[in-house]
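Some notes on the structure that comes next.
Residue numbers (my numbering): 9 to 427.
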């Protein structure tokens, strides 16, 4: 056994810019080990991240090999070649198995769940391998797989692609395999952990809850001080037009119809207040249709995906930022913590959040008496008035350094490495 070495199977990896790639790197970079990384080629590296990685001495611990192209392994509405994607996904998992060379640790991630399948195969062959399974999102009975309203809005071919995607790429059994066989389970927040354990006990329960909880570690979203230092003062633009910016995809249960109606009410009530909504990332067709129907086209600017540096700069320039959370019934745990919460906190931006009472974002924002709205147009209108008209301070207090975030994980790793 090569002590303090790890085979990492994260799907894509830096410097390809993706929420998961940054999460993986920050979870691993400060652990006392060296890494052999089996990665999919993300095709286009982010220049800003390339520069930061070249200056980061911790990056030298990572030996990265790419074995296939992420685009070819993805099956989705936009990439419907199922046979090819299944073949490439299987190729990736097998390449990860073949990269095993007596490492002491194994790290898997979601997504893709092919990472977990490789982990299962390696754990069967090498039971002594210490398996760290990291979860960026739930898989088992993920609320997004049962979002009937969104599914009904798909064209027939899109709907069929979605069902195939759920069947082959986000299998509940993959998550259960990791729960039952991994040595450590990593989660972003308490709500995610509790939701996923609840679903496992409801649908699988081959392992008791205490055994699972004993393996759990919360690794919060974190920042690398050399990359992102907290702002010293409010850096909003405060121009003639008040800009509210949202960063991230609008899809599935991240619904914003009530926000659009609230904006319509705001414009009618305060026609002289100039306001603009900047959206960065995927946007739903039905939302664009509603915006046109209500005559709000001039109030929205939709941008494509942005680079790491550009995103941070655009956040800095906005007067305030939007947090559109996953909307679930109020009595259910909402397990998703948007990654932009960290950047919003570091930049000390005023935030207007649309969320539910059992979500991690709600918990964090209520600590600072911030503007948190229910998914209701009149409550959101109240929030717009607080932020845009009254200038209410509405901040998120969430700023873990990378060292702080992985402290417990490092302790658990140290204990496991001595066994």
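Even glycine gets a Cβ: it sits at the ideal position worked out from N, Cα and C.
When we look at the beta-carbon of residue i and count the other beta-carbons within 10 Å, is it buried (16 or more) or exposed?
i, result
"residue 309", "exposed"
"residue 305", "exposed"
"residue 384", "exposed"
"residue 131", "buried"
"residue 211", "exposed"
"residue 321", "exposed"
"residue 418", "exposed"
"residue 337", "exposed"
"residue 329", "buried"
"residue 312", "exposed"
"residue 135", "exposed"
"residue 254", "buried"
"residue 379", "buried"
"residue 78", "buried"
"residue 65", "exposed"
"residue 32", "buried"
"residue 416", "exposed"
"residue 58", "exposed"
"residue 231", "buried"
Grouping DSSP H, G and I as helix and E and B as strand, with all else coil, what is residue i?
i, result
"residue 226", "strand"
"residue 197", "coil"
"residue 150", "coil"
"residue 89", "coil"
"residue 24", "coil"
"residue 358", "coil"
"residue 343", "coil"
"residue 473", "A query on residue 473 cannot be resolved here, the shown segment of the chain reaching from 9 to 427 and no further."
"residue 182", "helix"
"residue 213", "coil"
"residue 398", "coil"
"residue 422", "helix"
"residue 101", "helix"
"residue 18", "strand"
"residue 270", "helix"
"residue 220", "helix"
"residue 310", "strand"
"residue 414", "coil"
"residue 192", "strand"
"residue 409", "strand"
When the Cα of residue i is compared with those of the options, which residue comes out closest?
i, options, result
"residue 382", "301, 263, 324, 283", "263"
"residue 303", "280, 279, 272, 313", "272"
"residue 339", "93, 203, 178, 392", "203"
"residue 257", "331, 317, 326, 140", "331"
"residue 53", "325, 46, 423, 29", "29"
"residue 280", "108, 250, 311, 49", "250"
"residue 345", "136, 32, 123, 145", "145"
"residue 34", "235, 208, 105", "235"
"residue 39", "333, 215, 12", "12"
"residue 283", "311, 313, 396, 301", "396"
"residue 178", "92, 196, 117", "117"
"residue 194", "427, 421, 313", "421"
"residue 325", "300, 43, 99, 247", "247"
"residue 6", "218, 299, 41, 99", "Residue 6 is absent from the structure shown; the chain starts at 9 and stops at 427."
"residue 351", "373, 377, 323, 44", "323"
"residue 47", "365, 120, 94", "120"
"residue 425", "373, 159, 230, 137", "137"
"residue 342", "82, 232, 207", "207"
"residue 129", "162, 314, 107, 390", "107"
Which first and last residues belong to the beta strand (DSSP E) in which residue i is found?
i, result
"residue 232", "Looking at the DSSP string, residue 232 is not in any beta strand (DSSP E), and its letter there is neither H nor E."
"residue 161", "Where residue 161 is concerned, there is no enclosing beta strand (DSSP E), although the alpha helix (DSSP H) it sits in stretches over 156-161."
"residue 252", "250-255"
"residue 142", "138-142"
Got a sec, what are the start and stop residues for the alpha helix (DSSP H) residue i sits in?
i, result
"residue 285", "Here residue 285 belongs to no alpha helix (DSSP H); instead the beta strand (DSSP E) covers 283-288."
"residue 299", "293-301"
"residue 332", "Where residue 332 is concerned, there is no enclosing alpha helix (DSSP H), although the beta strand (DSSP E) it sits in stretches over 328-332."
"residue 117", "Per DSSP, residue 117 belongs to no alpha helix (DSSP H) and is neither H nor E."
"residue 124", "122-133"
"residue 5", "Since the first and last residues shown for the chain are 9 and 427, residue 5 lies out of range."
"residue 388", "385-392"
"residue 70", "No alpha helix (DSSP H) holds residue 70; the beta strand (DSSP E) holding it covers 70-77."
"residue 323", "316-325"
"residue 368", "368-374"
Are the C-beta of residue i and some C-beta of chain C separated by less than 8 angstroms?
i, result
"residue 35", "In summary, chain C is missing from the structure at hand, where a single protein chain is found."
Quiz item: Is it a yes or a no for the segment 218-226 touching the segment 281-300, going by three-plus beta-carbon pairs under 8 angstroms?
Solution: No, because fewer than three Cβ pairs between the segment 218-226 and the segment 281-300 fall closer than 8 angstroms, the two stretches do not touch.
Quiz item: Does the segment 356-363 touch the segment 398-418, meaning 3 or more C-beta pairs lie closer than 8 angstroms?
Solution: yes
Exercise. Check whether the segment 184-198 touches the segment 129-147, counting contact only when three or more Cβ pairs, one atom from each stretch, lie closer than 8 angstroms.
Key: yes
Quiz prompt | Segment contact flag, the segment 45-62 with the segment 17-25, C-beta cutoff 8 angstroms, min 3 pairs | solution = yes
Exercise. Check whether the segment 167-187 touches the segment 107-115, counting contact only when three or more Cβ pairs, one atom from each stretch, lie closer than 8 angstroms.
Key: no
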